[in-house]
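One structure below.
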Amino acid sequence: MRILVIAEHDGVALKDEFYKVLGGVAHLSESVDVLVVGHQCESVYQQITGLDNIARILLIDDPVLCYQSEDVLAKAVKNLAFQYTHIFCSTSSFGKSVIPRLAA
């Protein structure tokens with residue numbers, strides 16, 4: 005089982021919802037990949053490096069992703085999606101917008 009978790013953040017710090025998703029996914033797999041999408045969000049990347057059960061941290065850094073528009077984000081993740089059996093994101097309005105667009 006290959007799992008990808010899309011990190012929800014504000015460009016500087018991870019949001020609490022991300023930690024909840026990561027905790028829930030830990031019961032499904034011993035290691036997961038985490039995707040950080042945005043622009044100049046290296047600090048978010050660094051916060052993830054210290055967490056347990058992370059196999060890989062993927063970073064898509066592009067000025068187009070500065071505001072993390074759900075449509076643009078889904079298009080950015082689309083090419084990675086085929087490598088995973090499961091993709092998770094928070095159940096916040098962010099996740100509820102991104103996941104359906106990605107599924108479509």
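So the sequence shown is numbered by the numbering used here: it starts at 5 and just counts up by one.
Glycine included, C-beta positions come from ideal geometry on N, C-alpha and C.
Only a predicted model underlies this, so the values are computations on that prediction, with no experimental measurement involved.
Coarse secondary structure for residue i, derived from DSSP in three states
| i | result |
| --- | --- |
| A107 | helix |
| F22 | helix |
| F98 | helix |
Same chain, Cβ closer than 8 angstroms to residue i, five either side skipped, listed in chain order
| i | result |
| --- | --- |
| V76 | V68, L69 |
Residues near residue i by beta carbon distance below 7 angstroms, same chain, minus five either side
| i | result |
| --- | --- |
| S96 | E12, E21 |
| T53 | I61 |
| L63 | V40, Y49 |
Neighbour-count burial assignment, residue i, 16 or more Cβ in a 10 Å radius
| i | result |
| --- | --- |
| L32 | exposed |
| F98 | buried |
| G27 | exposed |
| V16 | exposed |
| S47 | exposed |
Own chain, CB closer than 6 angstroms to residue i, minus 5 neighbours either side, in chain order
| i | result |
| --- | --- |
| F92 | V9, V25, V29 |
| Q51 | L18 |
CB contact flag (residue i, residue j, <8 angstroms)
| i | j | result |
| --- | --- | --- |
| Q44 | D65 | yes |
| A78 | R105 | yes |
| L39 | V102 | no |
| V36 | A59 | yes |
Please list the segments of the alpha helix (DSSP H) lying wholly inside the region 27-83, counting only runs of 4 or more residues, in order along the chain. Here the runs fully enclosed are 46-53.
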